[in-house]
């Protein structure tokens, strides 16, 4: 049996379950809301102040650094699987890889890109 | 036979989702179509018994890169595009049609209409006997393709430095300009308005209370 | 489809499909019991820790039942609350966001081995629903999809506090995913496989072979990242009650809020199961090897697997209690402290852990 068939079944079921919750919320006790105050976004009782302003660039930096270190983690998983056969040669290869990446990481920290997020 | 049917289903869905990515007006919807694209692509990889690549496709591409896209969309507060009529001038349209036909023709010629199957050491049974998909990929990567592997670490380093330089450069400039603005405006605020209730600060840093 | 002497279908594929569906129904029912129980535990346990009594009145008829029916009352109340879609909210994503929160949790639940492979009516039935040889990576792939539920929910609400809460929560989740991944690399180095079934079998019943003894720092990093991934315990700034109201799920009422709630508790349970599987021997009973267990149960593999299943659930319950205990003991991290911890402490620690473990394992295995 294809190992991915259970994945498909469970995926469809999970989507179905989430859909049931959403639909339950939308259809039970269903009523047009004409009271406009209820429809405003919640802001602790005062009217919403101002437009959405720009979010800071720290989130972008966090996301990009996440991608880069995620890719590094993938390579490390590949190495971990073949660790026994590669022996000390493999460790030295990955040591070079890690040194280059840690150099990048040290640069990022010294430059202060990871501050106060 | 089932593989072929499944492949065509996946391919059709991917094409539809890709068309969705470029035609919807809301950028977040386009990003979500991209996620479903990548999911289906991972499905194709899984069908070809490339389990490692399928998992990594979802882990890195759908789980990290599209998250970055969505962060940027929310940072820039991009709204839906205005509806506009699609105008493709005749020369561009001709090029598009010819390229599509040529592409399909080349694909058919290369495969003679038959789906290709892995041979020799790459058949699923051989891969399984050798220790599993991840193991085989790892062995090939660290022995035969060692140089590209080390070079990829340089690529990642490059990307790290570039992203920090781009992001931090704007911030340094912005901080300097706001500081200049503050020292320019505060003397003007404190000079008039006797009934100023809020204390204003002079440019030398002393705090002046309004006289009441 | 082959038929045996008694005319019963013996086709292995059909049997496996039926077995998969039955296994999934059992796991699903198990996972759905977790949020109601956890709601009760979350109110009684801290109450007892704080020397007061929690809710103990809602019962059935005149039996108080220690307030266990409180969860049922809460669930019914939630379903009948009015749903207020805020104006300007993106309707499509407002209704879809809970789905992204719910389905990754159930998919991960399927990759965990719940017991030893058993023999039933002549068929070999493995006790994990999804049996892919890239076990770990499959789990990470789907847990990284959980970020979308949070981000889309906050964005679809058209409220800048929800959006800010969602961005912070998702930035926190992705920041702690890297140390989570890095902490499990030493496990792969030590056990040599990505398949969870084999890892549980390799950690036999003897405690000194368990993951927590062989890779203690990995366990520590995994534990901390577990708390951060589910936005719980000291890392719940993005949804804490006193900040940003309720963060990304402020504008979600009634059953959609129940969906997020459910997704959070089920992911807590899944991560607890994962911690128990990787570090605490999974379904292995301490000091009772599988063959001894078979002797005790008289050769009935299904009974041995069932006992293993119960043991796994007990270990996961310990971690769930740990979640509640830590939440009501430690104060909350400020957001910048949280991110500094993730990037400046956990990440270098994870990398150092990987490298040192590699050197030690290499020294042991090939001198």
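Protein chains in written order, with the working numbering: chain A, 870 to 986; chain X, 252 to 463; chain F, 4 to 370.
Glycine included, C-beta positions come from ideal geometry on N, C-alpha and C.
If we count Cβ pairs, one from each stretch, closer than 8 Å, do we get three or more for the stretch 289-297 of chain F versus the stretch 197-211 of chain F? yes
Between F:238, F:125, F:135, F:89, which lies nearest to residue 165 (chain F) when the distance is taken from Cα to Cα? F:89
Answer yes or no: do residue 108 (chain F) and residue 275 (chain F) have a C-beta to C-beta separation smaller than 7 Å? no
Considering residue 123 (chain F), what are the terminal residues of the alpha helix (DSSP H) in which it resides? Residue 123 (chain F) -> not in any alpha helix (DSSP H); beta strand (DSSP E) instead, spanning 121-123.
Tell me the rounded alpha-carbon separation between residue 83 (chain F) and residue 259 (chain F). 12 Å
Could you confirm whether any beta carbon from chain A is found closer than 7 Å to the beta carbon of residue 429 (chain X)? Any answer about residue 429 (chain X) is weak, because its pLDDT of 49 lies below 50 and its placement is not dependable; what the coordinates show is given next. No, because no Cβ of chain A sits closer than 7 Å to the Cβ of residue 429 (chain X).
So, with DSSP's three-state summary, where would you put residue 128 (chain F)? strand
Reference residue 178 (chain F); option with closest CA among F:355, F:129, F:15, F:339: F:339
Reducing DSSP to helix, strand and coil, say where residue 433 (chain X) ends up. With a pLDDT of only 49 at residue 433 (chain X), under the threshold of 50, the placement of this residue in the model should not be trusted; the figure read from the coordinates follows. Helix at residue 433 (chain X).
Which full runs of the alpha helix (DSSP H) of 4+ residues lie inside the stretch 311-352 of chain F, going along the chain? Qualifying alpha helix (DSSP H) stretches, in chain order: 338-343.
Contact the stretch 974-982 of chain A vs the stretch 264-274 of chain X: 3+ CB pairs below 8 Å: no
Beta strand (DSSP E) runs contained entirely in the stretch 294-371 of chain X, provided each spans 3 or more residues: none
Residue 308 (chain X): beta carbon under 6 Å from a heavy atom of the ligand NAP? Among the components modelled here there is no ligand, and therefore nothing to report on the ligand NAP.
Between the alpha carbons of residue 416 (chain X) and residue 80 (chain F), how many angstroms are there, rounded? 52 Å
Cα-Cα, which of F:216, F:199, F:240 is closest to residue 334 (chain F)? F:240
Where does residue 926 (chain A) sit, in a helix, a strand or coil, going by DSSP? Residue 926 (chain A): coil per DSSP, three-state reduction.
Strictly below 9 Å CB to CB, what residues from chain A border residue 20 (chain F)? 870, 874, 875, 878
Suppose contacts are defined by Cβ-Cβ distances below 7 Å. Is residue 309 (chain F) in contact with residue 942 (chain A) by that definition? no
Residue 218 (chain F): which of F:194, F:228, F:99 sits nearest, CA to CA? F:194
What does a CB cutoff of less than 7 Å around residue 302 (chain X) pick up in its chain, not counting 5 residues either side in sequence? 384
Which residue's Cα is closest to the Cα of residue 386 (chain X): A:960, A:963, A:893, A:952? A:952
On a CA-only basis, which of F:16, F:29, F:56, F:73 is nearest residue 40 (chain F)? Give me that one, please. If we check each option's Cα against that of residue 40 (chain F), F:73 comes out closest.
Roughly how many angstroms lie between the CA atoms of residue 214 (chain F) and residue 321 (chain X), to the nearest whole one? 37 Å
DSSP-derived helix/strand/coil call for residue 897 (chain A): coil
Run through chain X and tell me which residues come within less than 7 Å of residue 948 (chain A), C-beta to C-beta. 389, 393
So, at 7 Å on beta carbons, what are the nonlocal neighbours of residue 212 (chain F) in its own chain, with the 5 sequence-adjacent residues on each side left out? 206
Chain X contact for residue 154 (chain F) (CB, 7 Å cutoff): yes
Could one say the Cβ of residue 966 (chain A) lies closer than 7 Å to chain F's Cβ atoms, at least one of them? Taking Cβ atoms only, chain F never reaches closer than 7 Å to residue 966 (chain A), which makes this a no.
With distances taken from CA atoms, which of F:181, F:324, F:272 is nearest residue 946 (chain A)? F:181
Taking C-alpha atoms, which residue in X:286, X:356, X:393 lies nearest to residue 151 (chain F)? X:286
Contact check, residue 928 (chain A) vs residue 170 (chain F), beta carbons under 7 Å: yes
Among F:216, F:320, F:131, F:293, whose alpha-carbon lies nearest the alpha-carbon of residue 38 (chain F)? Nearest C-alpha to residue 38 (chain F): F:320.
Decide if the stretch 336-346 of chain X is in contact with the stretch 955-964 of chain A; the criterion is three or more beta carbon pairs, one per stretch, under 8 Å apart. no
Below 7 Å CB to CB, which residues in the same chain sit around residue 312 (chain F) once its five sequence neighbours on both sides are set aside? 117, 118, 286
If you compare alpha carbons, which of F:123, F:110, F:125 is closest to residue 132 (chain F)? F:110
C-beta contact flag for residue 228 (chain F) and residue 879 (chain A) at 7 Å: The answer is no: Cβ separation not under 7 Å.
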